[in-house]
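K.L.:
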Amino acid sequence: MTNQKRFTHEPPPNPFPLSDIRAQLPDLLDYIKATQHSVTISNYGTPVARLAPLSALPPEQPTRSIAVRKLRDNLTATVWELHTHREPYQITHYRDPIAALLPVDLSDSQETPMTTPALRIAIWNESGGSGKTTIAVEIGYLLAQRTNPATGAANRVLLIDTDPQGSLTRRLGLMDDPTSPAHRLSTTVGNFLNDPEEAPPVPMTATNFPELHVIPSNNKLSKIDATLLMNDEDIGNLRKLLDQFEGQYDIILIDTPPSRGGLARAALSAVDHILIPVNSSMKSIENFNHVLEVVAQCRRFSPKLQVSAFVVTSYNKTVNHDREVLQILTEHYNAIAPTTSPITNRKAVFNDAMISRTVVPCWKPKDPAVQELNLVTDQLLSIMGATA
Ligand SMILES: Nc1ncnc2c1ncn2[C@@H]1O[C@H](COP(=O)(O)OP(=O)(O)O)[C@@H](O)[C@H]1O
Ligand SMILES: [Mg+2]
Numbered sequence: 005m006t007n008q009k010r011f012t013h014e015p016p017p018n019p020f021p022l023s024d025i026r027a028q029l030p031d032l033l034d035y036i037k038a039t040q041h042s043v044t045i046s047n048y049g050t051p052v053a054r055l056a057p058l059s060a061l062p063p064e065q066p067t068r069s070i071a072v073r074k075l076r077d078n079l080t081a082t083v084w085e086l087h088t089h090r091e092p093y094q095i096t097h098y099r100d101p102i103a104a105l106l107p108v109d110l111s112d113s114q115e116t117p118m119t120t121p122a123l124r125i126a127i128w129n130e131s132g133g134s135g136k137t138t139i140a141v142e143i144g145y146l147l148a149q150r151t152n153p154a155t156g157a158a159n160r161v162l163l164i165d166t167d168p169q170g171s172l173t174r175r176l177g178l179m180d181d182p183t184s185p186a187h188r189l190s191t192t193v194g195n196f197l198n199d200p201e202e203a204p205p206v207p208m209t210a211t212n213f214p215e216l217h218v219i220p221s222n223n224k225l226s227k228i229d230a231t232l233l234m235n236d237e238d239i240g241n242l243r244k245l246l247d248q249f250e251g252q253y254d255i256i257l258i259d260t261p262p263s264r265g266g267l268a269r270a271a272l273s274a275v276d277h278i279l280i281p282v283n284s285s286m287k288s289i290e291n292f293n294h295v296l297e298v299v300a301q302c303r304r305f306s307p308k309l310q311v312s313a314f315v316v317t318s319y320n321k322t323v324n325h326d327r328e329v330l331q332i333l334t335e336h337y338n339a340i341a342p343t344t345s346p347i348t349n350r351k352a353v354f355n356d357a358m359i360s361r362t363v364v365p366c367w368k369p370k371d372p373a374v375q376e377l378n379l380v381t382d383q384l385l386s387i388m389g390a391t392a
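When the count follows the numbering used here, it moves up by one through the sequence shown with no breaks and lands on 392 for the last residue.
(1) Confirm the yes/no value for this check: CB of G132, any heavy atom of ligand 1, distance under 7 Å.
(2) If S221 and P168 are in contact, beta carbons under 8 Å, what's the gap, nearest whole angstrom?
(3) In angstroms, rounded to a whole number, what distance separates the CA positions of A247 and N349?
(4) For the beta strand (DSSP E) containing T334, list its first residue and its last residue.
(5) How far does the beta strand (DSSP E) with H97 in it reach, from first residue to last?
(6) Measure the Cβ-Cβ separation of V380 and V315 and say whether it is below 8 Å.
(7) Name the one or two DSSP bridge partners that T210 has.
(8) Hey, how far is the Cα of S284 from the Cα of R174?
(9) According to the neighbour-count rule (16 or more other Cβ atoms, all chains shown, within 10 Å of its Cβ), is T116 buried or exposed?
(10) For A60, which of helix, strand or coil comes out of DSSP?
(11) Within its chain, find whatever has a CB closer than 8 Å to the CB of Q310; leave out the 5 residues flanking it on each side and keep chain order.
(12) So, does the stretch 16–26 touch the stretch 67–74, judging by three or more C-beta pairs under 8 Å?
(13) Using the Cα positions of N241 and T322, report the straight-line distance between them to the nearest angstrom.
(14) Looking only at C-alpha atoms, which of N235, A157, K227, P62 sits nearest to E215?
(15) Give the range of the beta strand (DSSP E) segment to which P220 is assigned.
(16) Within 10 angstroms of the Cβ of D199, are there 16 or more other Cβ atoms? Answer buried if so, exposed if not.
(17) With DSSP as the reference, identify every bridge partner of Y253, one or two as the case may be.
(18) Just to confirm my understanding: we take K244, look at its own chain, exclude 5 residues before and 5 after, and list those with CB closer than 7 Å. What are they?
(19) If I measure Cβ to Cβ from L197 and keep anything under 7 Å in the same chain, skipping five residues before and after, which residues do I get?
(20) Ordered along the chain, which non-local residues of its own chain (more than five positions away) have a Cβ less than 6 Å from that of V329?
(21) Per DSSP, which residues does H277 bridge with? Please list them.
(22) Using a Cβ-Cβ cutoff of less than 7 Å, which residues in the same chain neighbour P16 once the five nearest sequence positions on both sides are dropped?
(23) Report the rounded CA-to-CA distance for S312 versus I387, giving the unit in angstroms.
(24) Should D259 and L377 be called a contact, given that it needs their Cβ atoms to be closer than 8 Å?
(25) With DSSP run on the structure shown, which of helix, strand or coil describes I102?
(26) Considering only their Cβ atoms, is the gap separating Q252 from R160 smaller than 8 Å?
(27) DSSP state of N320, grouped into three classes?
(28) Straight-line CA distance for Q94 to T39?
(29) Among I219, P205, P204, whose alpha-carbon lies nearest the alpha-carbon of T211?
(30) Would you mind reading off the limits of the alpha helix (DSSP H) that contains T82?
(31) Just curious, the alpha helix (DSSP H) that L384 is in, first and last residue?
(32) For L162, does the three-state DSSP call read helix, strand or coil?
(33) Helix, strand or coil for R54? Go by DSSP, reduced to three states.
(34) Could you tell me if the beta carbon of T138 falls within a distance shorter than 7 Å of some heavy atom in ligand 1?
(35) Reducing DSSP to helix, strand and coil, say where T231 ends up.
(36) Select from T343, T334, A373 the residue whose C-alpha is nearest the C-alpha of A352.
Given below as structure tokens:
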């Protein structure tokens, strides 16, 4: 199957004309696998079948198996066979089941929605330079490499950039091309935050990581920050946007601006978990007395919101000050949330990975930083109650 996902930026036509499927079947199947969306197939405008994710196969129903290539070569016959016998097909690629082909009424009535809600995490600290964006990208990447036990497939990870500085967006290579849609307000969460009747932004694919979906940010989002504080009902709109993505992602990570303004509050109001990175400096923990106040205010939209973990980044165990920061967190702030194991200060490797628009596990797979990042990922999953 091709890695060129033709429908990643723009969903395919739905219904999809039967006559056009032959050439585009691999792309369509990639799209269905990546988004877990179904696509109806129509013949001269009449729906005749549905290409769907495997999860849509009714569990009790006998199914037949058909290889992608065979399906492509016998499309019309297969669709009519389906019409007559009403027995769904499992589509396979080199014997691996990858998608389903269902008769239209069966797929309408029995499609099993993905019921496990996405794990929603905001990465927040009012201090800039505390490691928010780094953690979002590195942990987001590692989570996408792991198998989700509920689905048996890799975690589907959505990263949302809500910082108008767009560091996460830039870091994922989406700003390097000046003509990239990532430079427009319409691709960010901005329009939807102003008006949830607006079409939701379509997640983009990170330049070097097709497994990571991203809703980008850029400096045009900064004007939304102030309007959100004036219309504070709108702060809850990001939560509505995430509700629309339910079933499509296993994990949603939101990178936030270094503030407690409208965008940061919108992010916190959309999630259940807050992860607070602390860059081994007292400055990074100075503002903590405000944290619980802001959390309490955001519970208006997100009743289960809690600080779930602290993670110390840029840690140097030979420096007294760094050890003190870790100690304050583990001893004094333990009542708020546990602290994960620290991530050691490795300027060269983290900065080089950033400049190269990649992540440390790809840049230097054998670097001890990768082990530390994996350990933190394990700890976060166990703290937040998921085992992906
Ligand atoms: N463990 C680490 N060791 C060394 N430098 C790090 C580490 N983690 C992050 N950094 C660097 O710290 C700087 C700020 O990190 P960043 O994630 O952008 O913070 P924030 O998003 O909170 O502003 C970046 O240059 C990043 O490469
Ligand atoms: Mg940042």
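Where is the CB? At the ideal position from N, CA and C, for every residue including glycine.
P.N.:
Taking the structure as given:
(1) yes
(2) 6 Å
(3) For the record, residue 247 in the displayed sequence is Asp; it is not Ala. Looking at the two C-alpha atoms, the distance is approximately 37 Å.
(4) Where T334 is concerned, there is no enclosing beta strand (DSSP E), although the alpha helix (DSSP H) it sits in stretches over 324–336.
(5) 93–97
(6) yes
(7) In the sequence as displayed, the identity of residue 210 is Ala instead of Thr. F213.
(8) 25 Å
(9) Low local confidence applies: a pLDDT of 43 at T116 is under 50, so the model's placement there is unreliable, and no value is given.
(10) helix
(11) D276, H277, I278, V299, A341
(12) no
(13) 45 Å
(14) A157
(15) Premise fails: P220 is in no beta strand (DSSP E) and is neither H nor E.
(16) exposed
(17) E250
(18) P200
(19) I228, L232, D238, N241, L242, A270
(20) S284
(21) I125, Q310
(22) L32, Y35, V43
(23) 7 Å
(24) no
(25) strand
(26) yes
(27) coil
(28) 18 Å
(29) I219
(30) 79–89
(31) 372–387
(32) strand
(33) strand
(34) yes
(35) helix
(36) A373
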